[in-house]
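Line order of the protein sequences matches chains A and B.
Per my numbering, the first sequence starts with residue 12, numbered consecutively.
Per my numbering, the second sequence starts with residue 2, numbered consecutively.
Idealized CB from N, CA, C, for every residue including glycine.
Nothing here was measured: the structure is a model prediction, and the numbers come from that model.
Here is the structure we will look at.
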Amino acid sequence: MPHDAIVWREWNGEFVVRNECSGSTHLLAPLAGSVLQVLLEADGALIVADIAARLDDPAAAAGPEGYAAIDAVLSEFNRLGLAQPEQQ
Amino acid sequence: MIVADLSHQELVRRLAGAGLRLRTGPIVNRIQSRLAKVIHGVALHYAACPIENSEGFADFHVRVAQPRSLRRWLAPQVRFQFDGTGPFLPLPANQAFAMLEWGLNWCVSSHCHQYLIVHAASVERSGCALLLPGDPGSGKSTLCAGLVNRGWRLLSDELTLLDLAAGHVVPLPRPVSLKNASIDAIRRFSPDAVLGPPVHDTVKGSVAHMKAPTDSVRRATEAARPRWIVLPHYESGAAARLAPLSKARAFMHLADHAFNYDVHGRRGFELLGQVITNSDCFEFQYGALEDAIAVFDDAGRRA
Chain A
12 MPHDAIVWRE
22 WNGEFVVRNE
32 CSGSTHLLAP
42 LAGSVLQVLL
52 EADGALIVAD
62 IAARLDDPAA
72 AAGPEGYAAI
82 DAVLSEFNRL
92 GLAQPEQQ
Chain B
2 MIVADLSHQE
12 LVRRLAGAGL
22 RLRTGPIVNR
32 IQSRLAKVIH
42 GVALHYAACP
52 IENSEGFADF
62 HVRVAQPRSL
72 RRWLAPQVRF
82 QFDGTGPFLP
92 LPANQAFAML
102 EWGLNWCVSS
112 HCHQYLIVHA
122 ASVERSGCAL
132 LLPGDPGSGK
142 STLCAGLVNR
152 GWRLLSDELT
162 LLDLAAGHVV
172 PLPRPVSLKN
182 ASIDAIRRFS
192 PDAVLGPPVH
202 DTVKGSVAHM
212 KAPTDSVRRA
222 TEAARPRWIV
232 LPHYESGAAA
242 RLAPLSKARA
252 FMHLADHAFN
262 YDVHGRRGFE
272 LLGQVITNSD
282 CFEFQYGALE
292 DAIAVFDDAG
302 RRA
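Here it is as structure tokens:
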């Protein structure tokens, strides 16, 4: 997904994001918004542990539960066309 | 010149002939009709509105007329025409003025893409606009009518026009559409309000239009900056309660209630973001108009 295809605004930890490719606008919870910010700032593909480490509060997203939450966010991003898994 | 400057005979002549070029906010409507309900409705509700030169440009060319058929005698109907086409099914003849109003709303919401158009009532005090987006039945028109009868300026009852460059609300002061119980509620709340005759058994139930205050019509060129976004919810017997709403949720609500958010793409996103950033956002539940108005008067004084 080209970075300039995503525009977003954040207020008090909640995000709205517009996907220029789909024309859709989505409301994102704080974790999803933070993950999206990490992805937009990254130079290339990241694994879940990398994303967790780059969040503002890495400790909160560490461990199996945190990773599972990030994984669920990534699956939702894939469904919405906001981010795709790297092709092997 | 305004509509009230015309004699009744001249108003009839224009409406029945080449058309009355009526200015409502930034829009010029060329209206044609021979129907008494339309003539009386225009004379009552648009008395303070400017009329434009008969040779000048008009944004919309509309006509409300009876179709030529046997129904003209059996169960008379009226048809709304836009540029000579009929975008809607005909309605019973007693709904002629309401059909003009609904048709003019459709003209704006379907064509005025120089604005971001939100399905919201909006009123102003001290240069600050209060936007009341809501679905039918949410109580937004009742609240809007109550506020304009207590000193707030009417910007629009139904279609809030947001200027794409500055993000200001561009006034479109036209009659306020009251439905069902809200008709008597406004009569009780403000006996001086000017209401047209109620029309019963429409698709929206009973409908009556309240005339826009003359001062609001005269100040139709004065834009206002959005300051509050309030999602109204009328519930019989409920106490008036203003509860904060997160800006992100308010954004989604405005986007959902915009007629042409998708038309504007990224510009629409950025404009709504600007409006939300500069506004305080709330959900508002109310069950009594007097209590509701007191809440907003207090907020308006503190602005």
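- B/D263: member of the alpha helix (DSSP H) spanning Y262 to T278, first to last residue.
- Per the C-alpha coordinates, the member of B/L23, B/E125, B/L92 and B/Y47 positioned closest to B/H62 is B/L23.
- Boundaries of the beta strand (DSSP E) harbouring B/R226: R226 to Y235, taken from the DSSP string.
- Counting the other CB atoms within 10 Å of its CB gives B/I118 a total of 16 or more, which places it among the buried residues.
- Here B/R154 is buried. Its C-beta has 16 or more other C-beta atoms within 10 Å.
- The beta carbon of B/D136 sits closer than 7 Å to none of the beta carbons in its chain outside the five residues before and after it.
- Straight-line measurement puts the Cα of A/G74 at about 46 Å from the Cα of B/A121.
- By the C-beta density criterion, B/S217 is buried, having at least 16 other C-beta atoms within 10 angstroms.
- Straight through space, the alpha carbons of B/A225 and B/G42 are spaced by roughly 28 Å.
- A/V49 places its beta carbon 8 Å or farther from that of A/Y78.
- Residues of the region 263 to 283 of chain B with a C-beta less than 8 Å from any C-beta of chain A: D263, G266, R267, F270, E271, G274, I277 and T278, listed in chain order.
- Three or more Cβ pairs closer than 8 Å define a contact, and the region 49 to 58 of chain B falls short of that threshold against the region 102 to 118 of chain B.
- The alpha-carbon of B/P174 is positioned some 55 Å away from that of A/D61.
- Taking the Cα of A/Q95 as reference, the smallest distance to any Cα among A/L57, A/V18 and A/P69 is reached at A/L57.
- Residues of chain A whose Cβ lies closer than 8 Å to the Cβ of B/M253 are, in chain order, V27, T36 and L38.
- By the C-beta density criterion, B/D84 is exposed, having fewer than 16 other C-beta atoms within 10 angstroms.
- Distance from the CA of B/L90 to the CA of B/P68, rounded to the nearest whole angstrom, comes to 11 Å.
- Rounded to the nearest angstrom, the gap between the Cα atoms of B/I52 and B/K38 is 20 Å.
- Residues of the same chain with a CB within less than 6 Å of the CB of B/Q96, apart from the 5 flanking positions on each side, are V200 and T203 in chain order.
- Taking C-beta atoms as the reference points, B/C145 and B/L133 count as a pair closer than 8 Å.
- Within its own chain, the residues whose Cβ lies closer than 7 Å to the Cβ of B/H254, once the five positions on either side in sequence are excluded, are P134 and L232, listed in chain order.
- Approximately 5 Å separates the beta-carbon atoms of B/S34 and B/L16; this is inside 8 Å, confirming the contact.
- By the rule that beta-carbons nearer than 8 Å mark a contact, B/K248 touches chain A.
- In this structure, B/D263 sits near A/G34, with a CB-CB distance shorter than 8 Å.
- Nearest C-alpha to B/L131 among B/D281, B/D292, B/L92 and B/A293: B/D281.
- Taken atom to atom, the span from the alpha-carbon of A/A80 to that of A/A72 is near 8 Å.
- At least 8 Å separates the CB of B/A166 from every CB of chain A.
- Contact of B/A256 with chain A is assigned, a C-beta pair being separated by under 8 Å.
- Within the same chain, no Cβ atom closer than 6 Å to the Cβ of B/D185 is found once the five residues on either side in sequence are excluded.
- Sorting B/G87, B/A213, B/S110 and B/D6 by C-alpha distance to the C-alpha of B/L148 places B/A213 at the top.
- In this structure, DSSP gives B/Y47 a state outside helix and strand, which the three-state scheme calls coil.
- Taking the Cα positions, B/R189 is about 27 Å away from B/I230.
- For the 8 Å CB-CB criterion, A/L93 and A/V18 do not form a contact.
- With contacts defined as CB atoms closer than 8 Å, B/L12 and B/I40 qualify as a contacting pair.
- Using a 10 angstroms sphere on the CB of A/C32, the tally of other CB atoms stays under 16, which defines it as exposed.
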